[in-house]
Amino acid sequence: MKPYVLIVEDEESLAQLLEYNLEKEGYRVAVAPDGEEAMTLASEEAPDLMILDWMLPKLSGIEVCRRLRNRQATRNLPIIMLTARGEEAERVRGLDTGADDYIVKPFSMGELFARVRAVLRRIRPGLADDTLSYGDIQIDRVAHRVKRNGDEVHLGPTEFRLLDYLMQHPSRVFSREQLLDAVWGSDVYVEVRTVDVHIGRLRKALKMPGLPDPIRTVRSAGYALEMKNGGSGSSEEDSASAA
Ligand code: CA
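Going by this note's numbering, the sequence shown opens with residue 429, and the numbers climb by one from there.
Written out as structure tokens, the structure is:
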């Protein structure tokens, strides 16, 4: 799954240059020429990362940043601000508003890529890589293959995306609504119960003799991917009595 980057930049030549180079680096890219368009595109599909120019028509970069932070689906969206030289004070304000990093124009593509990778790695460790693993589960995002304990696991596209998302945040509990937003997209109308159906299929596909169920159901809260020896310390919630 290619990380989706939304570029918000009114300077057309710069926007095109960024788009061209980021696509070449393996990212999926969209461009918004102003702040309003940025908000529209971001609500259609939450990007994995936003590159946001400071000075924009219609809505300023800082206002876009503030609005994104106030929405559930984009609250944690990584944002790299682009600022012109001499906007030092504003840069600080940008970081206050919730930008994750900033880069001063003019910059080289190498510098930008390094920042993009660093931000993605820091915020979502799984996104920067072609393969992901957690406990005895491995995902190959390029070949679209999943293995558990070395054995092939066959998943439908939705289960694959669901597992990919859960593996990016092991041990974290997600509500059904959060999973819907992240995996199906917030613009799609899907019943919340649909999540249960796909979690059920994923759980069944990952089931192997002698191996524990890696998906934890947290009553009235949601689901988490969690294995005893899988990684970070497990929160001691009651998994035995969960469905
Ligand atoms: Ca500008």
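By construction, the Cβ of each residue, glycine as well, lies at the ideal position given by its N, Cα and C atoms.
Practice item. Compare the C-alpha of N577 against each of D564, L608, A571 and R503 and name the closest. Key: D564
Practice item. Write down the C-beta distance between E451 and V457 rounded to the nearest angstrom, noting that I regard them as a contact closer than 8 Å. Key: 5 Å
Point to revise | For E580, the residue or residues it bridges with in DSSP | key: K575
Practice item. Can you tell me which of I643, V492, R543 and H582 puts its alpha carbon nearest to the alpha carbon of G526? Key: V492
**Study point:** Supposed close pair D579, M636 - CB separation, criterion 8 Å
**Key:** 7 Å
Check your understanding: Among all the DSSP beta bridges, which residues are the ones paired with T559?
Key -> Looking at the DSSP output, T559 shares a beta bridge with D568.
Practice item. Tell me whether M483 sits in a helix, a strand or coil according to DSSP, three-state version. Key: coil
Review point. Near D529, which residues of its chain fall below 6 Å by C-beta distance, leaving aside the five closest residues on each side in sequence?
Key: Answer for D529: I508, R543 and V547, listed in chain order.
Review point. CB of E439 to nearest heavy atom of ligand 1: below 7 Å?
Key: yes
Check your understanding: Can L484 be considered in contact with ligand 1, in the sense that its beta carbon sits closer than 7 Å to one or more heavy atoms?
Key -> yes
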